[in-house]
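Colleague: Encoded as structure tokens, here's the structure I'll be asking about.
Numbering (our numbering), first residue to last: 13 to 129.
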């Protein structure tokens with residue numbers, strides 16, 4: 013089964029990291045990603061631009077509205093994601109716990125809906 017691992021962290025906190033700290037974190041992510049690929053569990057993933065680049069789209073009564081910024085003000089912002097193959101939720105949680113920034117923010121684990129073809 014596939015799970016999406018949504019990576020949340022405070023952008024304000026991330027901006028306060030030194031270049032050295034940021035470099036170490038990026039290297040940790042590269043190593044984690046390489047290990048995930050090597051294990052055959054990786055199905056996709058990417059880092060996202062900051063939430064200030066987001067656009068929220070709504071359609072009401074046939075009218076489309078696009079608003080700059082994320083949908084909601086939160087303390088942590090979505091910064092990236094992985095899609096992984098895991099045997100069950102426990103395995104997906106174990107993978108999520110190894111994401112380098114899990115100690116800096118939070119990782120939301122959600123099953124990808126299986127739609128019959």
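We put the CB at the ideal spot given by N, CA and C, even for glycine.
With distances taken Cα to Cα, identify the nearest neighbour of residue 22 among 69, 80, 63 and 105.
Modeller: Of the candidates 69, 80, 63 and 105, the one whose C-alpha sits nearest the C-alpha of residue 22 is 63.
Colleague: Counting only the same chain and skipping the five closest in sequence on each side, list residues whose C-beta sits under 8 Å from that of residue 81.
Modeller: Around residue 81: 63, 64, 66, 67 and 68.
Colleague: Taking only three categories from DSSP, how would you classify residue 60?
Modeller: Residue 60: coil per DSSP, three-state reduction.
Colleague: Relative to the C-alpha of residue 99, which candidate in 53, 116 and 18 has its C-alpha closest?
Modeller: With distances taken between Cα atoms, residue 99 lies closest to 53.
Colleague: Are residue 107 and residue 19 close, meaning C-beta to C-beta below 9 Å?
Modeller: No.
Colleague: Thinking C-alpha only, which one of 101, 111 and 115 is nearest residue 15?
Modeller: Per the Cα distances, 101.
Colleague: With DSSP as the reference, label residue 95 as helix, strand or coil.
Modeller: In the structure shown, residue 95 sits in a strand (DSSP, three-state: E or B).
Colleague: Please report the residue range of the beta strand (DSSP E) in which residue 30 lies.
Modeller: It is not in any beta strand (DSSP E) - residue 30 carries neither H nor E in the DSSP assignment.
Colleague: For residue 73, collect the residues of the same chain with a Cβ closer than 6 Å to its Cβ; drop the 5 residues on either side in sequence, then sort them by chain order.
Modeller: Taken in chain order, the list of residues that qualify is empty.
Colleague: What does residue 123 pair with, by DSSP beta-bridge criteria?
Modeller: According to DSSP, residue 123 bridges with 15.
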